Amino acid sequence: MPDWTHHLRQRLTHLDLDGGREAEIVEELSQHLDERYEELRRHGSSEAEACRVAMDELVDPDSLVEHMRPLRQAQTVELPTPGMPTGSLWADVGTDLRHAMRGLRNQLTFSVVAIFTLALGIGANCAIFALADATLLRALPLPEAEQLVMMSESSTNSSSGAVSATNLNDWQARSQSLQSVAGFVPNVGSMVLANPDGAAQTVPRQWVTAGIFDVLGIQPLVGRTFKPEDDKAERNVVVLSEAFWRSRFNADPGIVGNDLRLDGEMFNVLGVVPEQAQMIGRASMWAMIPILSASNEDRSDRFLRVVGRLRADADLKAASTDMAVVAAGLARDFPEVNQGLGIAIEPLQAALFGTDLRQTAMLFLAVVGFVLLICCANVANLLLARANARRREFAIRAALGANRWRVMRQMLVESLILALLGGALGLLLGALILQIAPNLIPQDLLPGGVELHFDLRVLGFCLLASVLVGLLFGIGPAWAATRQAPAAAIGSETRGSSGRGGKMRNLLVVAEVATAVVLLFGAGLLLRTLLAMQYVDRGYRAGETLTLLVDPIGDRYPTDASLLQFFDEIERQVLASGNVKQLAWSSALPMGTPGGTIGNAAFDVEGAAAQAKGQQAVADYQIVSPGYLSALDIRVLSGREFSDTDRADSVPVCMVNQTFVDTHLGGITPLGARIAIRTSTAPDAKVTVREIVGVSAPVMARATEIDAAPKIYVPLAQRPTDDIFLLVQPKVGSASALIPQVRAAIARVDTEQLVTVSDLMTLEEIAADATSRHRFRAVLVLAFAGLALLLAMVGVFGILAWSVQQRVRDFGVRMAVGATANDVLRLVLRGALVLTVSSLLIGLLLAVPMGRWMASVLYGVSPFDPLTLAMVMLVLALTTLLATLVPALKAARVHPVEAMRGY
Numbered sequence: 039m040p041d042w043t044h045h046l047r048q049r050l051t052h053l054d055l056d057g058g059r060e061a062e063i064v065e066e067l068s069q070h071l072d073e074r075y076e077e078l079r080r081h082g083s084s085e086a087e088a089c090r091v092a093m094d095e096l097v098d099p100d101s102l103v104e105h106m107r108p109l110r111q112a113q114t115v116e117l118p119t120p121g122m123p124t125g126s127l128w129a130d131v132g133t134d135l136r137h138a139m140r141g142l143r144n145q146l147t148f149s150v151v152a153i154f155t156l157a158l159g160i161g162a163n164c165a166i167f168a169l170a171d172a173t174l175l176r177a178l179p180l181p182e183a184e185q186l187v188m189m190s191e192s193s194t195n196s197s198s199g200a201v202s203a204t205n206l207n208d209w210q211a212r213s214q215s216l217q218s219v220a221g222f223v224p225n226v227g228s229m230v231l232a233n234p235d236g237a238a239q240t241v242p243r244q245w246v247t248a249g250i251f252d253v254l255g256i257q258p259l260v261g262r263t264f265k266p267e268d269d270k271a272e273r274n275v276v277v278l279s280e281a282f283w284r285s286r287f288n289a290d291p292g293i294v295g296n297d298l299r300l301d302g303e304m305f306n307v308l309g310v311v312p313e314q315a316q317m318i319g320r321a322s323m324w325a326m327i328p329i330l331s332a333s334n335e336d337r338s339d340r341f342l343r344v345v346g347r348l349r350a351d352a353d354l355k356a357a358s359t360d361m362a363v364v365a366a367g368l369a370r371d372f373p374e375v376n377q378g379l380g381i382a383i384e385p386l387q388a389a390l391f392g393t394d395l396r397q398t399a400m401l402f403l404a405v406v407g408f409v410l411l412i413c414c415a416n417v418a419n420l421l422l423a424r425a426n427a428r429r430r431e432f433a434i435r436a437a438l439g440a441n442r443w444r445v446m447r448q449m450l451v452e453s454l455i456l457a458l459l460g461g462a463l464g465l466l467l468g469a470l471i472l473q474i475a476p477n478l479i480p481q482d483l484l485p486g487g488v489e490l491h492f493d494l495r496v497l498g499f500c501l502l503a504s505v506l507v508g509l510l511f512g513i514g515p516a517w518a519a520t521r522q523a524p525a526a527a528i529g530s531e532t533r534g535s536s537g538r539g540g541k542m543r544n545l546l547v548v549a550e551v552a553t554a555v556v557l558l559f560g561a562g563l564l565l566r567t568l569l570a571m572q573y574v575d576r577g578y579r580a581g582e583t584l585t586l587l588v589d590p591i592g593d594r595y596p597t598d599a600s601l602l603q604f605f606d607e608i609e610r611q612v613l614a615s616g617n618v619k620q621l622a623w624s625s626a627l628p629m630g631t632p633g634g635t636i637g638n639a640a641f642d643v644e645g646a647a648a649q650a651k652g653q654q655a656v657a658d659y660q661i662v663s664p665g666y667l668s669a670l671d672i673r674v675l676s677g678r679e680f681s682d683t684d685r686a687d688s689v690p691v692c693m694v695n696q697t698f699v700d701t702h703l704g705g706i707t708p709l710g711a712r713i714a715i716r717t718s719t720a721p722d723a724k725v726t727v728r729e730i731v732g733v734s735a736p737v738m739a740r741a742t743e744i745d746a747a748p749k750i751y752v753p754l755a756q757r758p759t760d761d762i763f764l765l766v767q768p769k770v771g772s773a774s775a776l777i778p779q780v781r782a783a784i785a786r787v788d789t790e791q792l793v794t795v796s797d798l799m800t801l802e803e804i805a806a807d808a809t810s811r812h813r814f815r816a817v818l819v820l821a822f823a824g825l826a827l828l829l830a831m832v833g834v835f836g837i838l839a840w841s842v843q844q845r846v847r848d849f850g851v852r853m854a855v856g857a858t859a860n861d862v863l864r865l866v867l868r869g870a871l872v873l874t875v876s877s878l879l880i881g882l883l884l885a886v887p888m889g890r891w892m893a894s895v896l897y898g899v900s901p902f903d904p905l906t907l908a909m910v911m912l913v914l915a916l917t918t919l920l921a922t923l924v925p926a927l928k929a930a931r932v933h934p935v936e937a938m939r940g941y
């Protein structure tokens with residue numbers, strides 16, 4: 039056994055103690071070092087290593103001097119209260135820092151595990167905070183963004199209707215609260231850019247009105263933006279995006295003033311705007327729609343979304359009141375098209391981000407917050423175990439004069455150091471997550487021009503989170519470690535357990551598992567939602583089918599006959615290219631195809647009561663060619679599909695789906711029934727009476743539909759349109775493999791490069807894209823829930839392993855008096871069962887409000903789905919069994935002789 043006397047007397051030299059007091063202290067400390075040395079030797083440490091660790095763990099020399107200083111003063115003055123402050127807070131903190139760093143360095147495994155655990159939680163929170171900051175907290179990156187509003191027409195059926203150019207002009211003229219107003223077409227189309235070398239490039243383009251960039255407060259990088267006088271000029275003008283300008287023209291400012299050949303016409307480049315302009319649409323260029331010359335006849339042609347900037351002295355409430363007066367005036371002056379219409383107004387940020395995105399950000403924040411709490415609980419458990427091993431050290435410190443706050447402060451310093459190191463590593467992890475985020479986040483989740491930044495706001499959040507979690511997981515262990523009386527701690531077994539510490543560890547594990555239950559339940563609901571969307575019968579087959587949007591220039595094919603001839607020629611060329619089984623045309627595709635829209639048409643059923651103007655029933659209106667329904671495997675329930683005999687000079691016909699029959703025909707036999715269809719709300723809009731020749735099965739056209747909407751199909755030959763999708767099915771192989779030959783076939787027809795070909799996707803890709811938000815939510819929450827489950831099971835394993843270690847001698851005594859290994863095994867499993875059942879019950883109680891809160895983002899599944907609850911309980915039961923198996927088996931293998939050695 040080493041002789042500690044010499045080393046201890048050297049450390050006490052500075053105190054100038056009398057011989058008797060010094061000998062008493064040396065004896066007490068030597069006894070502690072002897073016990074620690076023997077414990078280290080039993081665990082395999084060498085003599086030199088055991089001596090070094092025991093001395094390092096005893097107490098820092100400077101700290102020991104500070105603790106003993108009151109005793110030195112007592113020889114000349116009076117006996118002070120134990121733990122009297124030194125009077126130098128910074129000196130004490132410096133000592134705490136040095137001692138904490140030495141302790142963490144000596145227990146490197148503990149430090150690495152704790153820091154990495156915290157880094158996972160803090161890093162995830164930093165990355166998700168960047169998303170929440172961009173969507174919930176940060177203002178739009180536009181000047182005086184709080185004054186920007188989105189405006190739309192509202193009715194009893196919709197609060198976000200499109201606006202006509204004439205109404206837009208009247209809003210500007212009649213409003214008292216709007217400083218300026220402009221419009222844009224929400225869908226981003228494309229134009230064919232002809233290069234000097236004869237090659238062509240399809241470029242995303244968005245239509246806007248003059249003044250749109252002035253309303254948004256966007257200043258051009260070079261050149262200028264649209265002005266009101268451009269609306270009256272007889273020339274085409276265009277503004278480029280910064281990214282397109284840099285990639286296509288190498289950021290050459292000389293492009294301003296030059297002409298580009300777009301869709302066969304010359305467009306003059308006015309200027310270049312920064313990427314913030316893409317908030318209204320992800321476009322590479324913006325072309326202008328003249329609206330100042332719009333007449334009252336155009337008032338029913340509604341196609342614009344409107345952005346307004348409020349006057350400095352107006353707020354949202356005043357603007358709403360003002361626009362209500364404007365709407366009433368327009369309804370009075372133009373009752374045929376404006377009767378019953380109001381004007382909805384909301385902040386631009388709320389309109390761009392939408393409720394769904396804000397709820398997604400809040401959901402992610404809640405999830406990563408729970409994960410961080412579990413990380414804190416795990417680290418707190420580690421600190422409790424470490425504090426249990428150090429309780430003699432704390433007791434000796436107290437005996438030497440340190441008060442309770444002094445010891446707690448030492449432990450809190452250690453906790454804060456761990457938290458800050460974890461936060462630093464978490465900051466790197468969060469930055470890495472944001473680097474790869476653009477490849478993981480669905481493209482339409484965030485508006486264009488809004489990016490996730492790892493800036494000072496995120497850095498501040500990370501620092502604040504680190505300090506808070508350091509206090510959160512540090513206070514409990516520090517409080518528990520200092521509750522035991524010094525005499526009891528010094529006189530107890532080195533390996534004895536603290537009842538209070540054990541209870542706190544149990545409570546932390548219960549909280550961890552209960553939180554994991556909540557997260558798993560939420561992830562299960564989102565996963566069930568995703569499965570419901572992907573595997574529900576939507577009425578069509580998303581097989582190997584290539585789709586592409588074909589948009590020929592209107593004046594190139596001025597008549598219906600020339601346009602149909604163009605489509606026929608493309609059909610012949612595509613079929614002749616080989617490996618094509620079937621093709622068809624359609625004005626829209628299921629699942630909300632990018633670039634295409636599902637039109638609406640008002641109608642009256644002959645023989646039924648006529649509806650007043652503006653109150654007519656509305657159905658989805660889709661133009662298709664013969665073979666469209668069979669290509670998508672949409673069943674014809676009665677009647678027939680369109681054929682080549684349904685020409686422009688034949689009887690106007692249509693097909694409807696079963697939902698239309700059930701909703702609007704009542705007891706009328708559908709086949710042979712006639713409906714008067716109006717595709718425009720203009721008073722003088724043409725009405726076409728069509729005979730129903732077939733009824734199809736319902737097709738759910740949007741990802742979130744539960745019941746298919748009423749639909750009317752019209753043959754392409756009787757209603758030609760120049761913005762249409764081509765569907766091509768291969769005989770063998772992948773649909774994507776058809777892209778080169780289909781492009782080549784269209785190019786053989788489009789020799790002048792006047793046709794835009796875009797949105798080349800398969801039906802499977804369209805369906806996957808339509809559910810991308812739901813998939814992103816489900817996958818991310820499931821990943822975090824899995825991490826939470828893993829951390830919770832580590833906590834369960836840790837508490838059981840610790841409990842078994844503390845009760846080794848108890849198990850030995852039981853087995854010595856006749857208990858079997860199975861008895862011990864049942865004893866350990868019983869304790870694990872109590873923890874698990876308690877956790878599950880608490881978790882299930884918390885899952886109820888969680889499900890209710892998530893109801894708005896669910897589809898096809900109840901917020902309190904029993905199957906999801908059952909699966910969560912099964913997963914928790916299996917993982918808990920795995921976590922308890924090793925400690926339980928270890929307890930069952932305890933040998934009585936080895937366990938009782940030392941009694």
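The sequence shown: position 97 = 135 (the numbering used here), numbered continuously.
Note that the Cβ used here is the ideal one computed from N, Cα and C, for glycine as well.
Predicted model, so just to flag it, every value in this text is computed and none were measured.
- At the C-beta level, GLY249 and ILE412 stay beyond 9 Å of one another.
- Following the DSSP letters along the chain, one finds GLU729 inside the beta strand (DSSP E) bounded by residues 725 to 734.
- About 6 Å separates the Cβ atoms of ALA552 and LEU884, confirming a contact at the 8 Å cut-off.
- According to the DSSP assignment, SER796 belongs to the beta strand (DSSP E) that extends over 793 to 800.
- Contact between the region 908 to 915 and the region 571 to 590 is absent: fewer than 3 CB-CB pairs across the two stretches fall below 8 Å.
- A check of alpha carbon separations from GLU272 across SER279, ASN306 and TYR578 identifies ASN306 as the nearest.
- By the criterion of a C-beta distance shorter than 8 Å, VAL574 is surrounded in its chain by MET738 and GLY898, once the five residues flanking it on both sides are discounted.
- DSSP places TRP283 in the uninterrupted alpha helix (DSSP H) bounded by 280 to 287.
- For the options THR726, GLN217 and GLY141, the alpha carbon positioned closest to that of ALA639 is the one of THR726.
- Residues of the same chain with a CB within less than 8 Å of the CB of GLN145, apart from the 5 flanking positions on each side, are ARG424 in chain order.
- Secondary structure of TYR595 (DSSP, three-state): coil.
- In this structure, THR398 and ARG815 form a Cβ contact; the two beta carbons are roughly 6 Å apart against a cut-off of 8 Å.
- DSSP assignment within the region 163 to 251 yields the following whole alpha helix (DSSP H) runs of 4 residues or more, N-terminal first: 203 to 212.
- GLN779 sits away from SER688, with the two beta carbons spaced by 9 Å or more.
- C-alpha of TYR751 to C-alpha of VAL662: approximately 7 Å in a straight line.
- When only Cα atoms are considered, THR701 and GLY319 end up about 36 Å apart.
- Residue range 859 to 891 is occupied by the alpha helix (DSSP H) that includes VAL875.
- Pairing ILE730 with ASP642 gives a Cβ-Cβ distance that is not under 9 Å.
- Cβ-Cβ distances below 8 Å link THR43 to VAL64 and SER68 in the same chain, with the five nearest sequence neighbours on each side left out; the list follows chain order.
- VAL910 and LEU401 have their alpha carbons spaced roughly 19 Å apart.
- By the CB criterion at 9 Å, SER625 and PRO242 fall outside the cutoff.
- With a minimum length of 3 residues, the unbroken runs of beta strand (DSSP E) contained wholly in the region 639 to 717 fall at 655 to 662, 674 to 677, 691 to 695 and 712 to 716.
- By the C-beta density criterion, TRP443 is exposed, having fewer than 16 other C-beta atoms within 10 angstroms.
- An exposed status is given to ARG140, since fewer than 16 other beta-carbon atoms sit within 10 Å of its beta-carbon.
- Across the structure, CYS89 and LEU169 are spaced so that their CA atoms are roughly 52 Å apart.
- Measuring C-alpha to C-alpha distances from GLU374 to each of PRO385, ASP903 and ASP339 identifies ASP339 as the nearest.
- By the 16-neighbour rule on beta-carbons within 10 angstroms, MET831 is buried.
- Assignment of TRP623 by DSSP, reduced to helix, strand and coil, places it in the strand class.
- By the neighbour-count criterion, in which a residue is buried when 16 or more other Cβ atoms sit within 10 angstroms of its Cβ, GLN603 is exposed.
- When the alpha-carbon of GLN660 is set against those of GLY637, MET189 and ASP682, the nearest one is in GLY637.
- Note that the region 812 to 828 does not touch the region 258 to 266; fewer than 3 beta-carbon pairs, one per stretch, sit closer than 8 Å.
- Note that the C-beta distance between GLN387 and ALA183 is below 9 Å.
- Three or more Cβ pairs closer than 8 Å define a contact, and the region 199 to 218 falls short of that threshold against the region 274 to 292.
- Boundaries of the beta strand (DSSP E) around ILE750: 749 to 753.
- Distance from the CA of ARG74 to the CA of ASN419, rounded to the nearest whole angstrom, comes to 23 Å.
- Burial is judged here by how many other beta carbons sit within 10 angstroms of a residue's own beta carbon; ARG685 has fewer than 16 and is exposed.
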